[in-house]
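Using UniProt numbering, the first residue of the sequence shown is number 1, and each one after it goes up by one. Glycine is no exception: its CB is placed at the ideal position from the N, C-alpha and C atoms.
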Amino acid sequence: MSKFIERLQKAGVSVVAPLGFGATRSQEKNPALALVHLSELKQIGDLNSYAPGPGNGSYIVSANKVVKSQLSSVKKAMKEGVWGVWLETATQASLEVLKKEGGDFFLFSRLDIPAEILSGDQLGKVMVIEIGQSEDTVRSIEDLPIDAVLLVGLEKSSPMTVGDTLKVGFVRDQI
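And the structure:
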């Protein structure tokens with residue numbers, strides 16, 4: 001299973017201190033999850049300034065396609081950090097390269113990519129959907145073998161409105 005998906009599952013869980021008269025043991029808090037989106041692979045040299053150290057966050061690098069030399073540079077810059085790629089186009093072969101180069105997860109937003117990329121469980125699979133998707137599309141996401149959904153389309157809305165909150169709630173309830 002993907003380290004990113006494991007962290008994502010722990011991020012929303014609160015640790016409750018045990019009740020009773022027994023000796024109290026310190027409870028380990030779930031770490032915060034920082035998610036950083038780096039928009040261009042051309043700036044790989046700048047990754048060191050974004051990556052403060054291992055385990056401090058997860059990083060998403062955007063790419064039109066998987067290029068082994070660029071992924072090697074990302075791997076070198078990230079060291080022990082968890083990282084993945086937001087792909088425009090994806091194939092099973094490109095995901096094999098991503099896995100070999102140390103990538104942990106991938107994001108995809110296009111619905112016309114081959115369904116074969118959803119097979120396997122070694123890489124985390126995150127589907128990116130627009131806030132305005134039809135109800136049928138949103139409901140059918142539940143049947144896909146993906147690990148997470150990233151909702152986009154509210155980035156320019158600051159502060160969020162009540163309507164925006166309702167839209168997010170609708171998508172959350174359908175998935």
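- Close CB contacts of Ser69 within its chain, under the 8 Å cut and outside five residues either way in sequence, are absent.
- Counting only residues of its own chain and dropping the five nearest sequence neighbours on each side, Met160 has a CB closer than 7 Å to the CB of Leu154.
- Here DSSP, grouped into helix, strand and coil, assigns Lys10 to helix.
- When C-alpha distances from Glu116 are compared across Lys100, Gly103, Leu150 and Leu95, the shortest belongs to Leu95.
- Ala148: member of the beta strand (DSSP E) spanning Ala148 to Val152, first to last residue.
- A distance below 8 Å between beta-carbons, with the five flanking residues on each side excluded, links Ile5 to the following residues of its chain, in chain order: Phe105, Gly124, Asp147 and Ala148.
- As the crow flies, the alpha-carbon of Val67 is around 27 Å from that of Leu8.
- Rounded to the nearest whole angstrom, the CA to CA distance from Leu107 to Leu144 is 14 Å.
- Taking a C-beta distance under 8 Å as the contact criterion, Val97 and Leu118 do not qualify as a contact pair.
- Looking at the backbone, the Cα of Met127 and that of Leu150 are separated by about 6 Å.
- The DSSP assignment places 124–130 and 148–152 as complete runs of the beta strand (DSSP E) inside the region 107–154, in order along the chain (cut-off: 3 residues).
- For Val162, the enclosing alpha helix (DSSP H) stretches over residues Val162 to Gln174.
- The alpha carbon of Gly103 has as its nearest neighbour, out of Glu130, Phe21 and Trp86, the alpha carbon of Trp86.
- The DSSP-derived three-state label of Phe4 is helix.
- Inter-residue distance for Ser109 and Ile141 is about 12 Å (C-alpha atoms, whole angstroms).
- Exclusion of the five residues before and after Ile113 leaves Ala90 as the residues of its chain whose Cβ lies within less than 6 Å of its Cβ.
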